[in-house]
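What follows is a single structure, written as structure tokens, with notes after it.
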Amino acid sequence: MQRARRWQWQRIEGIQMSEFKTIGKNEQRVDIRSKVLGTAVYAADVNLPDMLHGKVVRCYEHAHARVVSLDLSAAAAVPGVVKVLGPKDVTSKAFNKSVIDLMASESTAQMLGDIEEQHIFTDHVKFYGDGIAGIIATSEEAAEQAAALVAVEYEPLPVYLTPEASAAPDAVQFTDQKPGNLAFSLPDGMFPGGQLGWGEVDQAFEGADLVIEDTFYTPKQKQCQMEPNSYVALYDDEGRLNCWMSSQMPKLVHEKLARLFEMPMSQVKVTQTVVGGGFGARLGMVMEPEVCAMALAVPGRPVKLQQPREEDWLTSPSRHPSRYWMKLGFKKDGTPAACDARSTNFKGGYYLDGSALASTTGFWLQGMYRFDTLRYKGDSYFTNQPVCGAFRGYGNPQTNFVLEQMIDRGCAELNIDPLEWRKKWHKQVGDMSWLNATPYTSCALDECLDQGAEAIGWAEKRAKYASQTGTKRRGIGVSVGNHTSGAFPMILEQTTCTVRLNEDASATVLVACSEIGQGSHTTLRQIAAETLGLPLDDVRLDAGDSDANGFDIGAHASRTLYVGGTAVMKACEDAREQLFARAAKLLQTSIDELDIDENKQIFVKDSPDRFVSAAKICRDGSFNFANPQTGELEGEPGQIQAYVSYKPDNNSPPFFSTFVEVEVDTETGEVDVLELVSSHDIGRAIHPAICEGQMEGGAQQGLGMALMEEIYFDDNGHVTNNSFTDYKMLGASDMPKMTNILVENPDPYGPFGAKSVGEAGLVTPVGATANAIFQATGIQFTQGPITPEKILQAIKEKGLSYT
Amino acid sequence: MSKHAITLKVNGASYDLVVASNKTLLEVLRDQLNMPETKYGCGTGECGACSVLVEGDVAINSCLTLAATMDGREITTAAGLQQNGELHPVQQAFIDHSAVQCGYCTPGMVVKGVSLLAKNPNPTEQEIREGLEGSICRCTGYVKIVEAVDAAGKAMAVAAD
Amino acid sequence: MSTRVLTDFDLVLPGSLSEALDILAQNGSAVTVVAGGTDILVAMKAGFKADMVMSLTALPDLDYLDYDASSGLRIGANASIAQVVDSADVERHYPALWQAAKIFATPQLRNTATVVGNLLRGSPAGDCCAAVAALGGSLTMASAGSTRELDIDDLWVAYGTTARADNELAVELKIPAPAAGRVSAFKRLTRVNEDLAKLNVAVSLQMDGSTCSDVRLAMGCVAPTMIRLPSAEAVLEGSELNSETLEKAAAAVQEDISPIDDQRSTAEYRRGVAGVYLKRAVEQACSIA
């Protein structure tokens, strides 16, 4: 393995991009032809003979209530209904739909306070739409009819929609495992004092020339992946539980289902179908427990569960709403002397990945700038809202909205150019990264900022918009960020990969990494082909099958290319070495003297007329016939196969920046986003178009978070906009002119120098938009999203900065 | 409940069907005709994942269309856009421009692209963007989709010359 | 709560107008009439129960859109919004309607939804409703054995409720031919381009030089139904159109509206922008003229 590693280093340092065969090229995505034709099979497209349809009965009367009585008899009598299930008809085992708890050791999970408090069907309704029973019927229609006939008597409970409300001393407890409804706060044992940071913060404020503080709110945003969650489950005649689903984390869901239903993992088979988007909404389990419980209730018959969009909205986790207080201290020259912050998160009805979000929100904060001193506290309280979990950025967009506005406020007070300030004070290579545990390994943020500023015309526009009149005011804003490539060292990181060379020297790569639309199967395949020296078409990735695939922790933390890619690369290096070792024997030379051409001929570099066919080596390995004349075995026996279980020892954060230009209509508060320029230091673009795609899509979601996306509740905790009619996202004609710049600065740890780009694209558009509106109006908006309603009201109350 | 005998022409083939009054065209395509390429995304005509073409080039939301009202009509789905294994220029352009990520919106988006270009063979970027409204993509920010439709329009114009 | 599947109902597809009117005569309020169906199906998935659905799809000859310089515009019950967008006559003679149709919902919905259906839905947010309310016109309401003309001003009686009798079918919308000097415009405010309006406004004025008369102003999402703006109309009627009278009219709008908070906006905001949008719509109408 050491040797293989060196080979990688040499390539990165010594070889120009053009010398790669496939790395850096916009190869045709592996999944794209089936997707333009519509033949790609998503979970909802799985149909099995004799299939039944499941429906979860949900509570839409209350956001908080106890089920006093549940009468399923009328539902059971509906023609077509095969079975009705109440809480007692399914496992009573408590579980946690998130899988984050699996990724910490038991003692760490205990210290973090991870709990299992969910049930398949509940008798304590904790949010609008919580599931209380199940129907299995021969058609969706019959299941719907039956669901409408379920008679429930509820005891309504007080509805808590804010941390303050649920933390009140007399509040009903969501679970006896979390006194005071405090789902999580940074544990003292892990973060001394229950806080992150460094230095004497209070003292530093005393010495500061400028101190600013404010409390922000960031909204409950929905991922809105285009495919609503659908499943098929079958408890088959061999006693295996099968589940076709589209989780982003199939292997961890595999283990979770086995634990929940107390079956050996070998008796549970999880098949990840084509996944219609994730963005965090499918980080762990969503409806897998329910559909599997239904399947177990009707052995031998498949059960399909398809959720209407409105229901998907309520059952899959959203972004955590956050109340985020921040205080900054600056010296006159802009030196960031102190940062003090606290984010209090609205957890929703269940714990899920409760320990993670309030932590990472602070990690991103401490990772960004060279504050002399910093202190962050974070906690989450249960609320009677649909569950919160992962959403692209995982606390980073929240921090970006707050921190980047506060920096601009400080710069405005100190009369410092916000771009120059950022260039001066952002963290650099060698500084400690987000967990304050590993140093940054590469950083091209200055180049990102320079290129972005030039592309959008920052200097001229910034100066021009400093004084304006009229009802249309323009502004330009900048924001910077960094993220991570993988979850190391916070939680578990591991991917296994097996590479098998077939008899014709084509390769099958077995890896459980999730393709959720981000293009990872295409880029992983490029890495495999490049490393093996094989044509792209000769490499096939096999993923999504829990029988075939080894361990992997799924698509999250922007890890797939960085960690999965390295696992694939290492396994392929091993396979190539095995192949070349056999060739070297035949050609009587050493491995280092060999290369492979596009026809899969392995040749001696200095004398290309000496070559051997890779296919022949592979075929001889598998068939290994005896020569009929000599009786000697032909070739070296054994199919070439390589396996690696890879744990990274770094996380190579990508750095990035976004510039946004807006025009605000001061009579209506409407914001027209005129232009957006993002530049990302992605290390190396394995597939530039796929990298751009992440930035482009991320920008749509980031602009949405800044400007309009928020789930609303009425006073009773009923969600009032859980549909595409009532919850709006930027459409094709709303999107601004966008320029997305890839800055390539190979990272020493990433595969071929690559760092992540998956989540990052969403982050900086959030802060940059807010800052552009700040310049246009002279007003900072602390309560996201920044809607025309809020802008118009603020203009009325505060007036414009330059009139 | 009422049942309705209808004839639907889908992707060139004719089907005599009996459909229930409450079945949408989307359900009939997916469940009765086993053509899964047309997708359920929202069921309320907002996302466009269920878009199909009527009479060759008019895009409609199949989730808001009662199947029984479509007697005698000609439907084209994304899968039906290819001719003898040749992709439609719009589909090819989506591939060439990497205009696909998760792919769930793609069949509807491709159908929309075809419909848009049928009505306006030489659209401006703004016209493409407006024409794509009603088809939501949450992955791409629409950049490469707009590029693909633009390129397809140009390719079709060249082919028509 | 919403479902993926529609609950059961009887569907009738009359093949002639008389058959349709007979069905209405016999079943009255039990019948839910659908043309494009794009509103009703959404409502049904969200829990609206219909016993009998009568689709107009199979009715022949109701998908016309005809313009005549003397008699004006006639739009049949099955004519789609897309037909309005495609009509050069509408674009030229009825800018408010054309502008409303052009940005109405989505391209797919425009291909299916009908103008008459939009009016009959009785939503205070209907974009075509605003345009037609400003342009003025009438609906031909047919029932077995009789026909009446229903003035657009009398159509909407309450939220989601129209003056259509249970046995009536709206078969045609008529909008009079504009006199020379007639201008009109439509504007709306949405969260994103494809959205229901948080506020929409349509204006239609007879301009003689800079003097306006026969002023019809309509605004949506500011009351339980689409409304005319009598106070603002009174300000403008017979006045010289200048920034002063426009400001006055914009201020007068406050007397005409009674907006509420909903998922799309707030009452306060609607009050804040109503006058601005009225002003801008009038300016747009005049600049086109």
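Chains as they are written, first to last, in my numbering: chain A, 805 to 1607; chain B, 30 to 190; chain C, 64 to 352.
We put the CB at the ideal spot given by N, CA and C, even for glycine.
- Query: In angstroms, rounded to a whole number, what distance separates the CA positions of C:A240 and A:K1594?
  - Reply: 43 angstroms
- Please name the residue, chosen from A:N1549, A:Y1021, A:F1186, that lies closest to A:Q1587 on a Cα-to-Cα basis. A:Y1021
- Could you pull out every residue in the same chain whose Cβ sits closer than 8 angstroms to the Cβ of A:V1005, ignoring the five residues on either side in sequence? A1142, C1143, D1144, T1177, L1178, R1179
- Beta-carbon separation of A:R1196 and A:F1292 under 7 angstroms? no
- Would you call the region 1430-1443 of chain A and the region 1241-1261 of chain A touching, i.e. three or more CB-CB distances under 8 angstroms? no
- Within the 7 angstroms Cβ cut-off, does C:Q347 reach chain B? no
- Task: Establish whether the CB of C:P170 and some CB of chain B are separated by less than 7 angstroms.
- Result: yes
- Starting from C:L76, find everything on chain B with Cβ-Cβ shorter than 9 angstroms and list it in chain order. H33, A97, T98, D100
- Determine the chain A residues that contact B:T135 at a beta-carbon separation under 8 angstroms, and present them in chain order. K839, V840, G842
- Near B:A128, what residues of its chain come up, given a Cβ to Cβ distance below 6 angstroms and the 5 sequence neighbours on each side ignored? K173, I174, A177
- Would you report the Cα separation of A:Q1209 and A:A1510, rounded to the nearest angstrom? 12 angstroms
- Span of the beta strand (DSSP E), counted from its first residue to its last, around A:I1515: Run containing A:I1515: none; DSSP gives neither H nor E here.
- Query: Secondary structure at A:M1509, three-state DSSP: helix, strand or coil?
  - Reply: helix
- Message: My output table needs one value for A:A881: the three-state DSSP class, helix, strand or coil.
- Response: coil
- Item | Sequence-distant residues of the same chain with beta carbon closer than 6 angstroms to A:A1248, five excluded per side | D1485, V1547, N1549
- Taking only beta-carbon positions, decide if C:V105 is within less than 7 angstroms of chain B. yes
- Message: Less than 7 angstroms between the C-beta atoms of A:R1086 and A:Q1110, yes or no?
- Response: no
- Local Cβ density within 10 Å of A:Q814, reported as buried at 16 or more and exposed below that: Interpretation of A:Q814 is limited by its pLDDT of 35, a score under 50 that renders its predicted location unreliable; no figure is taken from the coordinates.
- Between the region 1512-1538 of chain A and chain C, which residues of the former have a C-beta closer than 9 angstroms to a C-beta of the latter? M1512, Y1516, T1524, N1525, N1526, S1527, T1529, D1530, Y1531, K1532, M1533, L1534, G1535, A1536, S1537, D1538
- Query: From A:K1228 to A:A1564, what does the alpha carbon distance come to, in whole angstroms?
  - Reply: 22 angstroms
- Message: For a cutoff of 7 angstroms on Cβ pairs, would you count B:C79 as touching chain A?
- Response: no
- Query: Name the chain B residues that come within less than 7 angstroms of C:R67, Cβ to Cβ?
  - Reply: Y69, G72
- Going by the beta-carbon positions, is the gap between C:E235 and C:G139 smaller than 7 angstroms? yes
- Quick one: what does DSSP say C:R173 is sitting in, helix, strand or coil? helix
- Item | Length at least 4, wholly inside the region 1212-1252 of chain A: the alpha helix (DSSP H) runs in chain order | 1222-1229
- Message: Helix, strand or coil, according to DSSP, for A:Q1027 in the structure here?
- Response: coil
- Nearest to A:R1329 by CA position, among A:T1288, A:S1394, A:A1375, A:P1106, is which residue? A:A1375
- In this structure, does DSSP put A:Q812 in helix, strand or coil? Legend: pLDDT at A:Q812 = 37, less than 50; position of this residue unreliable, value from coordinates given subsequently. If DSSP states are grouped into helix, strand and coil, A:Q812 belongs with the helices.
- Could you please give the first and the last residue of the uninterrupted beta strand (DSSP E) stretch that includes C:C284? Note, C:C284: premise wrong, no beta strand (DSSP E); not H, not E.
- Task: Using the Cα positions of A:D1137 and A:Y1185, report the straight-line distance between them to the nearest angstrom.
- Result: 39 angstroms
- Bridge partners - C:T95, DSSP secondary structure assignment: C:V116
- Message: Looking at chain B, is there any beta carbon in it that lies within less than 7 angstroms of the beta carbon of A:I836?
- Response: yes
- Query: Looking at the structure shown, is A:E957 part of a helix, part of a strand, or coil, going by DSSP?
  - Reply: strand
- Neighbour-count burial assignment, A:G1234, 16 or more Cβ in a 10 Å radius: exposed
- Counting along the chain, where does the alpha helix (DSSP H) carrying A:Y1155 start and finish? Premise fails: A:Y1155 is in no alpha helix (DSSP H) and is neither H nor E.
- Between which two residues does the alpha helix (DSSP H) containing C:R333 stretch? 330-351
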